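Numbering (the working numbering), first residue to last: 2 to 394.
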């Protein structure tokens, strides 16, 4: 079933039921192959099966047509959702899963089922195939090629009007056995506190960057830009402060087109397991009840944190200089519910996994004060979480 290219009115009406369940379980134990996972600390959800496929801009409309019965003890927020990781530079589609199992921040758990839609029951098999033990790791961009990319970008920046461009490089990992995605997710959950661990049909990772969250009229974004190992040095860096402010200004301006009371608080240093970032929390009030999380995602993406500024010139520069297509790397990943609320992160620290093959990306923001070698080191730091998750003894 697909709703992306036809009228929603022509689709059979779906119905969903939500039940409260015992919350004493590990969500990742219920992850189903080719399903979806969204794990934020001790809460989140996993999903499996396909009830419908829908374009981002039509997701709230479709979800609103789904009849939903919920028991009296079901937590608020339970119900049908549309989920997925979208491409960085192309339109994408979300999936309405047939089964969702979730737990909220209070430990209350639920199960939502779309009636009359076949779906694998989300439970891991007791017998698992051996994990890979031998790996080949290949950088698709050499250090010298990276220097040339950055130098070309710096030339464009010097000529204006380009102020910043985010360049990414890819690494390919080939294993002797298929990668175990649930094991990779579990490793990321342990090793990357403060990040949302996500999975969508073979695309997995742990993102520290909230693109946007909407809960009722309350809107929140937390852009990250500026990276370093030493938080104190990062806080003093003029170069990183400039790079960060470009992102904050763009996010504030974008939110002001759809929201009121836009307030930016920061920057502050956000210390993660491998690196530190400059982070600013931006809050806003959605002035129209018709505004959905999908509207906000479309307005914000791609921010200068993953593309650059001005946006169109930055995207042209990325197309001209990056040798490997980004795919879903640095695209929006998240979910939307029938009220138009939801949450999307930027799909960072992740990679595409296909059997014994994986491709991961990492990028760095290039501004006039950037040094190619320092930016190479930054990308290496950002590649580390996924390399450690994939290449394990």
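All residues carry an ideal CB built from backbone N, CA and C; glycine is no exception.
Computed from a predicted structure; not experimentally measured.
With contacts defined by Cβ atoms closer than 8 Å, residue 211 and residue 202 do not form a contacting pair.
Looking at the backbone, the Cα of residue 299 and that of residue 98 are separated by about 22 Å.
Distance between residue 238 and residue 199, taken at the CA atoms: about 31 Å. For residue 165, the pairing in a beta bridge is given by DSSP as 310.
The three-state secondary structure of residue 339, taken from DSSP, is coil. Just measuring C-alpha positions, the residue of 104, 174, 141 sitting nearest residue 20 is 104. In this structure the segment 247-265 does not lie against the segment 324-332, because fewer than three pairs of beta carbons, one per stretch, are closer than 8 Å. A distance of 8 Å or more separates the beta carbons of residue 373 and residue 271. Counting C-beta pairs with one atom in each stretch, the segment 230-246 and the segment 350-359 have fewer than three that are closer than 8 Å, which means they do not touch. Nearest to residue 246 by C-alpha distance, out of 309, 221, 394, is 309. Counting along the chain, residue 22 sits inside the beta strand (DSSP E) bounded by residues 16-22.
One alpha carbon belongs to residue 297, the other to residue 57, and they sit about 11 Å apart. If you look at residue 148, you'll find it in the alpha helix (DSSP H) that goes 144-160. The DSSP-derived three-state label of residue 107 is coil. Runs of the beta strand (DSSP E) lying entirely within the segment 159-242 and spanning at least 3 residues, in chain order: 165-176, 197-201, 204-208, 211-216, 219-223, 225-229. Among the bridge pairs identified by DSSP, residue 70 is matched with 18. Pairing residue 302 with residue 332, the inter-Cα distance amounts to about 8 Å. Contact between the segment 144-154 and the segment 336-355 is absent, with fewer than three C-beta pairs closer than 8 Å. Looking from the CA of residue 343, the closest CA among 51, 95, 49 belongs to 95. Listed as beta-bridge partners of residue 359 by DSSP are 174, 354.
Partner residues in the beta bridge of residue 112, as assigned by DSSP, are 20, 102. Taking the Cβ atoms as the reference, residue 274 lies roughly 6 Å from residue 192, within the contact range of under 8 Å.
When DSSP states are grouped into helix, strand and coil, residue 390 belongs to the helix group. Taken atom to atom, the span from the alpha-carbon of residue 339 to that of residue 144 is near 47 Å.
Exclusion of the five residues before and after residue 369 leaves 158 as the residues of its chain whose Cβ lies within less than 6 Å of its Cβ. The DSSP-derived three-state label of residue 54 is strand. Residue 140 and residue 70 have their C-alpha atoms some 51 Å from each other. For residue 42, the number of other beta carbons within 10 angstroms of its own is below 16, and it is reported as exposed. A direct Cα-Cα distance of roughly 8 Å separates residue 114 from residue 81. Taking residue 384 as the centre and dropping the five residues before and after it, the same chain places the C-beta of 172, 361, 363 closer than 7 Å to its C-beta, in chain order.
Bridge partners of residue 37 according to DSSP: 48, 201. Selection 389, 15, 197, 380 evaluated against residue 116 yields 15 as nearest (Cα-Cα). Counting along the chain, no alpha helix (DSSP H) covers residue 266; the unbroken beta strand (DSSP E) around it starts and ends at 260-272. In the same chain as residue 60, and ignoring 5 residues on each side of it, the C-beta atoms closer than 7 Å to its own belong to 83, 95, 295, 337, in chain order. For residue 62, the uninterrupted alpha helix (DSSP H) run begins and ends at 60-65, by DSSP.
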